[in-house]
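Numbering (the numbering used here), first residue to last: 150 to 381. C-beta: ideal position from N, C-alpha, C; glycine also. Note that the coordinates shown come from a computational prediction; the quantities given were computed from them, not determined experimentally. Report on the structure given below.
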């Protein structure tokens, strides 16, 4: 049973740790991490490469499981849950934007954006309207019938954002969304992020980009898998 204290946060972790086995060695990536991210917050995870930012995003999204500690997202305890539970949780509550885009190469822009809604068996009319709304929001109405290979990296990333928003998730997770982009396309992604902030979405972004950091309501700095600082 989730207490009110746990339910008032979008993300809450207590002594969260994650260890991977690499050969015969155990590599501790996160160490006793305790953080709290309020709802309707634009939170930025920062820190050097290898500090645990991507691992933390994967734990928040239910892609990975903690080795120890507790994690609550949207008031739900994720530690110790089954893969079926985590799969349903991701589909209903989380939107992911990966650095590598992860679009389906054989689907058009519209089909990529529609896919999460089709997975939830929403009505075709609802899917069509929402797909067009999101594609227009990210400025790609002229690209609906194009395939990922026909798009620039920045355009693919914008499609990834539109797809992440398809089911109106409670929290949007983005891992280095401008890491592979040039200045012009970075500006487009910044516009999307700024719009999400204005809409009151809960967004958690892992980034080295100072322009994204400038949007933050909360900055969570990691170092060697531990919390170095957290500013609101």
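Fully contained in the stretch 192 to 227 are the following alpha helix (DSSP H) runs of length 4 or more, in chain order: 202 to 209.
Bounds of the alpha helix (DSSP H) holding residue 306 are 302 to 313.
Put simply, of 340, 353, 378, 299 the residue whose alpha carbon is nearest the alpha carbon of residue 255 is 299. Residue 236 counts as exposed, since fewer than 16 other C-beta atoms from the protein chains shown sit within 10 angstroms of its C-beta. Looking at the DSSP output, residue 169 sits in a beta bridge with 176. Contact holds between the stretch 245 to 252 and the stretch 325 to 344, because three or more Cβ pairs, one in each stretch, are under 8 Å apart. Contact between residue 292 and residue 277 is absent: CB atoms are separated by about 16 Å, not below the 8 Å threshold. The Cβ atoms of residue 306 and residue 338 lie closer than 8 Å to each other. Shown here, residue 375 sits in a strand according to DSSP, grouped into three states.
By alpha-carbon distance to residue 231, the top candidate from 188, 224, 212 is 212. If you look at residue 278, you'll find it in the alpha helix (DSSP H) that goes 273 to 286. Classified as buried, residue 192 has 16 or more neighbouring CB atoms from the shown chains inside 10 Å of its CB.
Here DSSP, grouped into helix, strand and coil, assigns residue 364 to coil. Nearest Cα to residue 318 within the set 233, 197, 264, 241: 241. Excluding its 5 nearest sequence neighbours in each direction, residue 227 has C-beta neighbours in its own chain below 6 Å: 211, 220, listed in chain order. Three or more beta-carbon pairs drawn from the stretch 345 to 362 and the stretch 188 to 202 are found closer than 8 Å, and the two stretches are therefore classed as touching.
In this structure, the alpha-carbon of residue 175 lies about 39 Å from that of residue 332. Under the DSSP assignment, residue 259 falls in the alpha helix (DSSP H) whose first and last residues are 258 to 268. The C-alpha of residue 180 is placed about 18 Å away from the C-alpha of residue 368. Pairing residue 216 with residue 259 gives a Cβ-Cβ distance that is not under 8 Å.
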